[in-house]
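**Q** The sequence shown maps to residues 1 to 283 in UniProt numbering.
Yeah, the Cβ is synthetic: ideal placement off N, Cα and C, and Gly gets one too.
I'd like to ask you about the structure that follows.
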Amino acid sequence: MTDEQERVQPSGVWATAVGVARVRALETERENALFRDPLAQAFATAGGLWPSSPPLPDDEAARRRRLAVAFSIVIRTKFLDDLLQQASASGVRQVVLLGAGMDSRAFRIDWPEGTRLFEVDTAAPLDFKASVLRQEQAVPRCERITVAADLREDWPDALAAAGHDPAAPTVWIAEGLLIYLPEDAVELLLARISTQSAAGSRMGLTLGSRGVIDRFAADAAPGSAASMWISEMPDDPVGWLAGHGWKAESHTLRERAAAYGRPISTPPQHEEQPGGLISAVRR
1 MTDEQERVQP
11 SGVWATAVGV
21 ARVRALETER
31 ENALFRDPLA
41 QAFATAGGLW
51 PSSPPLPDDE
61 AARRRRLAVA
71 FSIVIRTKFL
81 DDLLQQASAS
91 GVRQVVLLGA
101 GMDSRAFRID
111 WPEGTRLFEV
121 DTAAPLDFKA
131 SVLRQEQAVP
141 RCERITVAAD
151 LREDWPDALA
161 AAGHDPAAPT
171 VWIAEGLLIY
181 LPEDAVELLL
191 ARISTQSAAG
201 SRMGLTLGSR
211 GVIDRFAADA
221 APGSAASMWI
231 SEMPDDPVGW
241 LAGHGWKAES
251 HTLRERAAAY
261 GRPISTPPQH
271 EEQPGGLISA
281 VRR
């Protein structure tokens with residue numbers, strides 16, 4: 001059988017990773033793209049979302065919400081790309097992508113020599129991804145190590161068995177992940193990250209802003225990404241992370257979009273809350 005015949009099609013939460021890949025593929029086609037992801041289209045195609053995708057809803061409010069989610073994916077991708085490159089420039093040579101999905105940063109970023117990048121996810125998305133990577137004959141630009149583990153279970157042991165060294169600084173990325181976990185699971189995940197982080201480690205998180213579930217998920221279609229959102233950011237994300245031993249900065253989507261030359265033209269409909277784009281350093 002070919003990889004395409006053997007490939008298990010996306011389902012459940014991890015299917016959203018293929019939707020993210022489609023957004024990244026569309027951004028890659030722009031003349032003024034904020035990043036280039038040469039594998040994104042292959043992932044979207046394998047998942048049945050390229051060249052077409054489900055049509056935009058007729059309801060104007062629902063249409064705006066879907067476009068807003070796509071815009072946020074583009075901005076957060078650029079934000080975390082920059083964070084990873086800054087961490088590399090500071091000398092960090094361990095990268096852990098939690099809930100890696102269809103992330104292709106191992107293949108599209110110019111990593112310094114000696115970088116080890118761990119992709120942690122369950123077996124199904126990792127297998128799907130591996131089949132696409134074989135098909136595309138993709139070659140990573142660093143040492144890439146996949147770790148099949150459920151983030152709700154004892155993933156630190158699996159990560160350690162794969163070669164992660166908690167005594168050396170690590171840059172951790174949890175992109176589009178925490179919003180799908182209940183609050184107690186978010187707390188446990190952060191506690192485990194902190195335990196595995198030497199001083200000088202970095203972290204990039206994306207958090208669901210306050211009220212996002214009410215605004216986006218209330219009338220979301222069954223099976224859509226928003227229909228599976230269950231967790232929002234704390235009122236004080238910087239203080240929350242300080243309690244776990246991290247010095248953090250919070251950035252809003254509007255702020256970062258303006259900095260990247262993609263300003264949001266509509267005025268805010270309510271007072272700006274702490275932002276859901278988080279960069280942090282282990283103290």
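Between the beta-carbon of Pro234 and the beta-carbon of Ala198, is there less than 7 Å?
**A** Not a contact, by the Cβ cut-off of 7 Å.
**Q** Short of 7 Å in beta carbon distance, which residues of its chain neighbour Ala87, apart from the five on each side in sequence? Order them along the chain.
**A** Excluding residues within five positions, the ones whose Cβ falls inside 7 Å are Val171, Arg202.
**Q** May I ask which residues mark the beginning and end of the alpha helix (DSSP H) holding Arg63?
**A** First-last of the alpha helix (DSSP H) with Arg63: 60-89.
**Q** Thinking C-alpha only, which one of Val92, Gln196, Ala124, Leu83 is nearest Gly114?
**A** With distances taken between Cα atoms, Gly114 lies closest to Val92.
**Q** Just to confirm the assignment, what range does the beta strand (DSSP E) spanning Thr146 have?
**A** First-last of the beta strand (DSSP E) with Thr146: 143-148.
**Q** Suppose you measure from the CA of Arg283 to the CA of Asp59; what does that come to, to the nearest Å?
**A** Cα to Cα, the separation comes out at about 47 Å.
**Q** Along the beta strand (DSSP E) that carries Glu119, what are the first and last residues, could you check?
**A** That run of the beta strand (DSSP E) goes 116-121.
**Q** With distance defined between alpha-carbon atoms, name the residue in Ala280, Ala161, Ile230 nearest to Gly176.
**A** Among Ala280, Ala161, Ile230, the Cα nearest to that of Gly176 belongs to Ile230.
**Q** Is Gln137 helix, strand or coil by DSSP?
**A** In this structure, Gln137 counts as coil in the three-state DSSP scheme.
**Q** Below 8 Å, can you find three or more Cβ-Cβ pairs linking the region 59-70 to the region 182-195?
**A** No, the region 59-70 does not touch the region 182-195.
**Q** In or out: Arg134 buried (at least 16 other Cβ within 10 Å) or exposed?
**A** That one is exposed.
**Q** Give me the Cα-Cα distance between Ile264 and Ser224, rounded to the nearest whole angstrom.
**A** Approximately 24 Å between the Cα atoms of the pair.
**Q** Please go through the same chain and pick out, in chain order, the residues whose beta-carbon is closer than 6 Å to the beta-carbon of residue 332, but skip the five residues on each side of it.
**A** This structure cannot settle anything about residue 332, because the visible part of the chain is limited to 1 through 283.
**Q** Under the assumption that Ala61 contacts Val23 (Cβ atoms under 8 Å), give the Cβ distance between them as a whole number of angstroms.
**A** 20 Å between Cβ atoms; not a contact.
**Q** Taking C-beta to C-beta, are Ala42 and Val132 nearer than 7 Å?
**A** Yes; because the gap between Cβ atoms is below 7 Å, this pair is in contact.
**Q** If you reduce the DSSP assignment to three classes, tell me which class Leu98 lands in.
**A** Here Leu98 sits in strand by DSSP.
**Q** Can you list, in chain order, the stretches of the alpha helix (DSSP H) that have 4 or more residues and sit fully within the region 192-263?
**A** Runs found: 237-242, 253-259.
**Q** May I ask you to list the residues that DSSP assigns as paired with Ser279?
**A** According to DSSP, Ser279 bridges with Gly204, Glu249.
**Q** When you compare only the Cα positions, how much space is there between Pro140 and Ala191?
**A** Distance between the alpha carbons of Pro140 and Ala191 is about 30 Å.
**Q** Pull up the distance between the alpha-carbon of Val212 and that of Leu159, whole angstroms please.
**A** Taking the straight line from one Cα to the other gives about 32 Å.
**Q** Here's a check: name, in chain order, each residue in its chain whose Cβ is nearer than 8 Å to the Cβ of Met1, leaving out the five neighbours to either side.
**A** Confidence at Met1 is low in this model, with a pLDDT of 43, below 50, so the placement of that residue is unreliable and no value is reported for it.
**Q** Is there contact here, the region 94-113 with the region 27-34, by at least three beta-carbon pairs under 8 Å?
**A** Verdict: no, contact absent.
**Q** Looking at C-alpha atoms only, which residue of Arg116, Gly12, Asp81 is the closest neighbour of Arg34?
**A** According to the sequence displayed, residue 34 carries Leu and not Arg. Among Arg116, Gly12, Asp81, the Cα nearest to that of Leu34 belongs to Asp81.
**Q** With H, G and I counted as helix, E and B as strand and the rest as coil, what does DSSP make of Ile109?
**A** Coil at Ile109, not helix or strand.
**Q** Do Ile73 and Val20 have their C-beta atoms closer together than 7 Å?
**A** Yes, the Cβ-Cβ distance between Ile73 and Val20 is below 7 Å.
**Q** DSSP three-state label for Val13, please.
**A** Three-state DSSP puts Val13 in a helix.
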